[in-house]
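Worksheet: one structure, shown below.
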Amino acid sequence: MPTDAFQGGYRAVPATGALLLCRAEPESVALLAPLLRERMAITHAGERWTVLVPEGSPWRGSGTGGEPVDRVLTGWASALAVGSSWPVLALWWDADRVGYTLASGFRRPVAYVWLASGTPAGEAEAMHTFAARLGLDPVLDVQALDGLTAVDSDADGQARMRGLIAVLTRAGVALPAGLVPGESAERLLEVAAGVPGGVRWVEGAGWREAVRAESGPGETGGGGGGLGVWVPGSGDPRARWLGMVQVGVGVPVTVWGIWRRSAGWVAAGALLLAHGALGMAYEGVRGRG
């Protein structure tokens with residue numbers, strides 16, 4: 001694992017990497033993941049948990065125009081969360097900081113950051129919101145999370161992240177061996193490719209392919225291998241209204257992403273627009289039929 005120690009007279013630079021954890025089965029996650037337009041590996045990460053390992057193209061070349069990894073991951077997590085009924089947790093790290101962002105539905109994402117040295121740089125209240133949204137134990141788990149916000153000269157940023165993952169194991173998370181914080185995106189992809197039980201690959205085909213998959217056979221929102229979310233054709237009278245809301249929110253989100261040159265936020269806006277436009281169009285056709 002990369003460290004800050006001197007090796008051969010040179011200081012090793014900590015790698016930049018990230019993982020996305022979704023509380024859903026890989027089959028459901030794989031339907032939405034192409035909208036992020038990033039090559040990713042998808043595999044199981046415990047009971048009812050899936051991990052996505054991104055290639056990391058938006059933040060490569062840091063210092064030469066690469067986008068900050070935390071901004072990219074916040075956008076990606078938000079994009080997946082607004083199109084689903086399950087929470088999405090982004091874990092990220094770079095040379096200076098480590099942190100997480102938890103996105104769930106249309107609610108404001110909650111995030112926490114540590115410096116690479118392990119110094120807390122977030123608000124303790126964020127940890128309590130984090131625990132509540134994931135349904136963690138309000139006593140034992142919250143105490144463990146509070147410990148991660150306390151000053152500890154013996155715990156660097158990667159140790160803090162490992163502590164966070166340890167708490168998540170009690171919520172069913174079980175990351176495959178080798179998918180650990182501090183590794184580069186390239187190394188994480190190599191590890192994911194060898195995960196026992198198989199791995200799915202998403203090549204970032206775009207929203208049209210995801211829309212086709214979403215509006216195909218079995219359009220019910222709940223069971224089977226579906227998304228577990230509202231999709232066009234559910235017969236819900238609120239469908240057209242929800243589509244209008246998604247389009248209304250998607251436009252400013254997309255504009256914001258373009259203005260900030262943020263691939264993550266552009267993906268979030270595109271997902272909202274795709275869901276909303278598809279829903280409105282489908283309900284219109286059903287109404288005329």
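Residue numbers (our numbering): 1 to 289. Ideal placement from N, C-alpha and C gives every residue a C-beta, glycine not left out.
Ala291 - containing beta strand (DSSP E), residue span: It is not possible to answer for residue 291, since the shown part of the chain is limited to 1 through 289.
Same chain, Cβ closer than 6 Å to Gly66, neighbours up to 5 away in sequence not counted: Within the same chain, Gly66 has close Cβ partners Trp59 and Arg60.
Contact between the segment 100 to 111 and the segment 78 to 86 (3+ Cβ pairs under 8 Å): Cβ pair count under 8 Å is three or more, so yes.
C-alpha gap between Ala155 and Arg23, whole angstroms: In a straight line, the C-alpha of Ala155 is about 28 Å away from that of Arg23.
Straight-line gap, Glu301 to Ala111 (C-alpha atoms, nearest Å): It is not possible to answer for residue 301, since the shown part of the chain is limited to 1 through 289.
Burial state of Gly223 (16 or more Cβ within 10 Å): At Gly223 the pLDDT is 33, less than 50, meaning the model places this residue with poor confidence and gives no usable figure here.
Alpha-carbon spacing of Pro181 relative to Met161, whole angstroms: Take the alpha-carbon of Pro181 and the one of Met161: they are about 7 Å apart.
Under the three-state DSSP convention, the category Arg97 falls into: Strand, per DSSP.
Which listed residue (Val253, Thr16, Thr254 and Leu21) has its alpha carbon closest to that of Leu134: For the options Val253, Thr16, Thr254 and Leu21, the alpha carbon positioned closest to that of Leu134 is the one of Leu21.
Beta-carbon proximity check, Gly17 vs Ala174, cutoff 9 Å: Not a contact, by the Cβ cut-off of 9 Å.
Option in Leu136, Ala131, Trp201 and Ile165 with minimal Cα separation from Pro34: When only C-alpha atoms are compared, the closest one is Trp201.
Backbone CA spacing between Met40 and Ala274 [nearest angstrom]: When the Cα atoms are used, Met40 and Ala274 turn out to be separated by approximately 21 Å.
Alpha-carbon to alpha-carbon, Gly172 and Gly197: Straight-line measurement puts the Cα of Gly172 at about 18 Å from the Cα of Gly197.
Residue from Thr74, Gly269 and Thr50 whose Cα sits closest to the Cα of Glu27: Considering only alpha carbons, the answer is Thr50.
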